[in-house]
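Numbering-wise (the numbering used here), the sequence shown opens with residue 216 and increments by one.
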Amino acid sequence: MEIIIKNRRAYFDYKIIEKFEAGIVLIGHEVKSVKSGKINLAGSYVVLRDAKALLINANIPPYQPKNVPEDYNPSRSRKLLLKKKEIKYLIGKLKQKGLTLVPLKVYTKKGKIKLEFGIAKGKKKVDKRELIKKREVEREIRRILKERC
């Protein structure tokens, strides 16, 4: 499993409750582009419409900009491949207030491009500040211990 991109911002902004794996429906040049690391998950999210899961707002620029169809949209909606049972489960979970689906990482598995997304609950500003303070304290402790040795 080779991780292509991680959405670090998602882990900072959301508390991840549960994770899922799905395949992504891509066209030929998008596959090459993703495998070369040209994908941006910032601001993207997953929605469920008509019993289908869609990745919205993920930006995949063309692999060869001069050799792309004229009507190509790099941030188009892309279908996610999930089982019906998983989609029904997700629909039930999303009826709870405050939960959303956030893409976490894109990776390859047996030659296929997969998306890991999670059911997430947004963190409040206070929680984020506490996390930053905790990191700074741990960093300071490590620095002091390093000086002693």
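Note that the Cβ used here is the ideal one computed from N, Cα and C, for glycine as well.
For residue i, which three-state DSSP category applies?
i: residue 273; result: coil
i: residue 298; result: coil
i: residue 322; result: strand
i: residue 366; result: Outside the modelled stretch of the chain, which goes from 216 to 364, sits residue 366, for which no answer is possible.
i: residue 261; result: strand
i: residue 309; result: helix
i: residue 304; result: helix
i: residue 431; result: A query on residue 431 cannot be resolved here, the shown segment of the chain reaching from 216 to 364 and no further.
i: residue 352; result: helix
i: residue 281; result: coil
i: residue 342; result: helix
What's the gap between the Cα of residue i and the Cα of residue j?
i: residue 325; j: residue 219; result: 14 Å
i: residue 259; j: residue 346; result: 23 Å
i: residue 301; j: residue 295; result: 12 Å
i: residue 331; j: residue 304; result: 16 Å
i: residue 290; j: residue 274; result: 4 Å
i: residue 309; j: residue 232; result: 12 Å
i: residue 297; j: residue 238; result: 7 Å
i: residue 235; j: residue 307; result: 15 Å
i: residue 323; j: residue 249; result: 10 Å
i: residue 288; j: residue 336; result: 30 Å
i: residue 179; j: residue 225; result: Because residue 179 is not part of the residues shown, which for the chain are 216 to 364, the question remains open.
i: residue 241; j: residue 299; result: 20 Å
i: residue 245; j: residue 360; result: 47 Å
i: residue 343; j: residue 364; result: 32 Å
So if DSSP puts residue i in a beta bridge, which residue, or which two residues, is it bridged to?
i: residue 235; result: 332
i: residue 293; result: 270
i: residue 217; result: 323
i: residue 229; result: 337
i: residue 317; result: 333
With hydrogens ignored, establish whether the beta-carbon of residue i is closer than 7 Å to any heavy atom of the ligand GTP.
i: residue 302; result: What this structure holds is no ligand at all, so the ligand GTP is not there to describe.
(message) Under 8 Å: do the stretch 242-261 and the stretch 339-353 share three or more Cβ pairs, one atom per stretch?
(response) no
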